[in-house]
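Enquirer: Residue numbers (mature numbering (1 follows the signal peptide of the UniProt record, and there is no 0)): -22 to -1, 1 to 340.
We put the CB at the ideal spot given by N, CA and C, even for glycine.
What follows is the structure, encoded as structure tokens:
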């Protein structure tokens, strides 16, 4: 076995380990069904360097992010002792992670630093500059995912997705539009209608992005639908509103859904009674869906919320002198923190994370 083949095998093993430990909804190949009390938010892996997103995209195009498919390819090559196609399968990984790979962290951070240090260009990256950068990467990532789903579902090639195209896995005669349960045709139809901003019966890339990533949407109808979904989840007696008891019983879940409460910094939960009073605009001692609007991003933290959380984490981790600015030297001292989604294997064993997005990515 040549030295190069040995290197490819090591890279292949690394990929298999990464895939086997990564339980991200993006990699789920079959839909998972859950009870109504699931939350629609999830923990994405936030990317700091756009080069990593490019790597993921190229690896995905070659099927390297499909664990079972990639493992099957490796098993076949091993059984046949035929390494001729190894370069085609994992060569893209050597380009970045090999001995002369492009993902040299010191060089990458040195290159990226002036792209972040812009407002003003003063030799230090503020939290705002860092947040804007990370959120830009999150937005680009969302649209790249949306474009991929558009290609998959756009059967007639018109650049848009109809509801029937999206539900193409189900035979027409078996589609029960009256079934409004989570994940059922009627439920999808309602959300599809919310995302269809121009009402033409199909979703263009922008509308599809709102449909696939509702928690990051600014579409008022989508936002209202999210609030109604949360109300249905929390409303124990199903009277269409929340009493203080219902709100209080779920307060820990409501506030700890937000990533700010999941970091290593101690946070005090707000006074539930005071929060209820603030939300109860009409002072009738009940909360309707619209009155939950101030909590929308807490109830449904999407990639933009998580990217802000990631920016806070990076600032806290790398700002050694705590002056509110990151110098290049500080970033290089903590360079692995900026690439933690590449170099840290994270196993998430929480059914809540296999949520709404599993079904959206069928």
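Between the Cα of residue 27 and the Cα atoms of 299, 288, 185 and 307, which residue gives the shortest distance?
Expert: In the chain shown, the residue the question calls residue 27 occupies position 49. Checking every option, the nearest Cα to that of residue 27 belongs to 288.
Enquirer: From this set, 98, 204, 222 and 253, which residue's C-alpha is nearest residue 168's C-alpha?
Expert: As a first step, residue 168 must be located in the chain shown, where it is residue number 190. Nearest option by C-alpha distance: 204.
Enquirer: Would you call the CB atoms of residue 108 and residue 293 closer than 8 angstroms?
Expert: Taking the chain shown and counting its residues from 1, one reaches residue 108 at position 130. Taking the chain shown and counting its residues from 1, one reaches residue 293 at position 315. Going by C-beta atoms, residue 108 is nearer than 8 angstroms to residue 293.
Enquirer: What is the rounded straight-line gap between the Cα of residue 93 and the Cα of residue 184?
Expert: Mapped onto the chain shown, residue 93 falls at position 115. Mapped onto the chain shown, residue 184 falls at position 206. So the alpha carbons of these two residues sit roughly 27 angstroms apart.
Enquirer: Since residue 187 contacts residue 282 with CB under 8 angstroms, what's their CB separation in whole angstroms?
Expert: As a working mapping, residue 187 is identified with position 209 in the chain shown. As a working mapping, residue 282 is identified with position 304 in the chain shown. About 12 angstroms separates the beta carbon of residue 187 from that of residue 282, a gap too long to meet the 8 angstroms contact definition.
Enquirer: Buried or exposed for residue 124, please, with buried defined as at least 16 other CB atoms from any protein chain shown within 10 angstroms of its CB.
Expert: Residue mapping note: residue 124 aligns to position 146 of the chain shown, counting from 1. That one is buried.
Enquirer: Measuring alpha carbon to alpha carbon, tell me which residue in 309, 318 and 227 is nearest residue 89.
Expert: Residue mapping note: residue 89 aligns to position 111 of the chain shown, counting from 1. The shortest Cα separation from residue 89 among 309, 318 and 227 belongs to 309.
Enquirer: I'd like to confirm the pairing. Which residues does DSSP put opposite residue 130 in its beta bridges?
Expert: One-based indexing of the chain shown puts residue 130 at position 152. Beta-bridge partners of residue 130 (DSSP): none assigned.
Enquirer: Anyone know if the C-beta pair for residue 115 and residue 25 falls short of 8 angstroms?
Expert: Taking the first residue of the chain shown as position 1, residue 115 is located at position 137. Taking the first residue of the chain shown as position 1, residue 25 is located at position 47. Cβ distance < 8 angstroms, so residue 115 and residue 25 count as in contact.
Enquirer: Excluding sequence positions up to five away, which residues of its chain have a Cβ less than 8 angstroms from the Cβ of residue 137?
Expert: Taking the chain shown and counting its residues from 1, the one referred to as residue 137 is at position 159. Once the five neighbours on either side are set aside, the close Cβ partners of residue 137 are 128, 182 and 183.
Enquirer: Just tell me which of 217, 142 and 206 has its CA closest to the CA of residue 150.
Expert: Along the chain shown, one-based indexing puts residue 150 at 172. Nearest to residue 150 by C-alpha distance, out of 217, 142 and 206, is 142.
Enquirer: Can you list, in chain order, the residues of its chain with a C-beta nearer than 7 angstroms to that of residue 313? Leave out the 5 residues immediately preceding and following it.
Expert: Numbered from its first residue, the chain shown carries residue 313 at position 335. Only residues of its own chain outside the window of five on either side were considered, and among them 83, 84 and 87 have a CB closer than 7 angstroms to the CB of residue 313, listed in chain order.
Enquirer: Roughly how many angstroms lie between the CA atoms of residue 17 and residue 274, to the nearest whole one?
Expert: Numbered from its first residue, the chain shown carries residue 17 at position 39. Numbered from its first residue, the chain shown carries residue 274 at position 296. Only weak support is given to the placement of residue 17: the predicted model assigns it a pLDDT of 33, under 50, and the question is left unresolved by the model.
Enquirer: So, with DSSP's three-state summary, where would you put residue 285?
Expert: The sequence position of residue 285 within the chain shown is 307, counting from 1. Looking at residue 285 - three-state DSSP - the assignment turns out to be helix.
Enquirer: For residue 176 and residue 192, what's the separation of their Cα atoms in angstroms?
Expert: Working through the chain shown from its first residue, we reach residue 176 at position 198. Working through the chain shown from its first residue, we reach residue 192 at position 214. One C-alpha to the other measures close to 17 angstroms.
Enquirer: List the DSSP bridge partners of residue 181.
Expert: Within the chain shown, the letter at position 203 stands for residue 181. Its beta-bridge partners are 139.
Enquirer: Roughly how far, in whole angstroms, is the beta-carbon of residue 264 from the beta-carbon of residue 216, given that I think they are within contact range, below 8 angstroms?
Expert: Within the chain shown, the letter at position 286 stands for residue 264. Within the chain shown, the letter at position 238 stands for residue 216. That belief does not hold up - the Cβ atoms of residue 264 and residue 216 are roughly 13 angstroms apart, past 8 angstroms.
Enquirer: Would the C-beta of residue 150 count as close to the ligand ATP, meaning under 7 angstroms from any of its heavy atoms?
Expert: Annotation note on the ligand ATP: not contained in the displayed structure, which lists no ligands.
Enquirer: DSSP state of residue 300, grouped into three classes?
Expert: Counting from 1 along the chain shown, the entry for residue 300 is found at position 322. If DSSP states are grouped into helix, strand and coil, residue 300 belongs with coil.
Enquirer: My output table needs one value for residue 318: the three-state DSSP class, helix, strand or coil.
Expert: Numbered from 1 along the chain shown, position 340 holds the residue referred to as residue 318. Of the three classes helix, strand and coil, the one that applies to residue 318 here is helix, per DSSP.
Enquirer: Pick from 30, 118 and 95: whose alpha carbon is nearest that of residue 303?
Expert: Here residue 303 refers to the residue found at position 325 when the chain shown is read from its first residue. Closest by alpha carbon: 95.
Enquirer: To the nearest angstrom, report how far apart residue 34 and residue 222 are at their CA atoms.
Expert: Here residue 34 is taken as the residue at index 56 of the chain shown, counted from 1. Here residue 222 is taken as the residue at index 244 of the chain shown, counted from 1. Rounded to the nearest angstrom, the two C-alpha atoms are 46 angstroms apart.
Enquirer: Assign residue 343 to one of three DSSP states: helix, strand, or coil.
Expert: The chain is shown from -22 up to 340; residue 343 falls before or after that span and cannot be answered.
Enquirer: Around the C-beta of residue 338, are 16 or more other C-beta atoms found within 10 angstroms, so that it is buried, or is it exposed?
Expert: Here residue 338 refers to the residue found at position 360 when the chain shown is read from its first residue. Reliability of the predicted coordinates at residue 338 is poor, the pLDDT of 44 falling under 50, and no value is obtained from them.
Enquirer: Is residue 228 close to chain B? Criterion is C-beta to C-beta, closer than 8 angstroms.
Expert: The structure shown contains no chain B; it is built from a single protein chain.
Enquirer: So is residue 147 buried or exposed if we call it buried at 16+ other beta carbons inside 10 Å?
Expert: For this step, residue 147 is matched to residue 169 along the chain shown. Exposed, since its Cβ has fewer than 16 Cβ neighbours within 10 Å.
Enquirer: Could you check the C-alpha separation between residue 414 and residue 253 for me, to the nearest Å?
Expert: A question about residue 414 goes unanswered here, because the residues of the chain that appear run from -22 up to 340.
Enquirer: Would you mind sorting residue 100 into buried or exposed? The rule is 16 or more other CB atoms within 10 Å of its CB.
Expert: The residue labelled residue 100 in the question sits at position 122 within the chain shown. Exposed, by the Cβ-count rule.
Enquirer: Taking its Cβ as the centre, do 16 or more other Cβ atoms sit within 10 Å of residue 272, making it buried, or is it exposed?
Expert: In the chain shown, the residue the question calls residue 272 occupies position 294. The residue in question, residue 272, is exposed, as its Cβ has fewer than 16 Cβ neighbours within 10 Å.
Enquirer: If we ignore side chains and look at the alpha-carbon of each, how far apart do residue 140 and residue 163 end up?
Expert: The residue labelled residue 140 in the question sits at position 162 within the chain shown. The residue labelled residue 163 in the question sits at position 185 within the chain shown. Cα-Cα distance, rounded: 13 angstroms.
Enquirer: Per DSSP, residue 220 forms a beta bridge with which residues?
Expert: Looking up residue 220 in the chain shown gives position 242. Residue 220 is bridged to 265.
Enquirer: Grab me the residues of residue 226's own chain with a C-beta within less than 7 angstroms of its C-beta, minus the 5 sequence neighbours each way, in chain order.
Expert: Start at 1 with the first residue of the chain shown, and residue 226 comes out as number 248. The answer, listed in chain order, is 250.
Enquirer: Thinking C-alpha only, which one of 132, 201, 300 and 106 is nearest residue 278?
Expert: Against the chain shown, residue 278 aligns to sequence position 300. Among 132, 201, 300 and 106, the Cα nearest to that of residue 278 belongs to 201.
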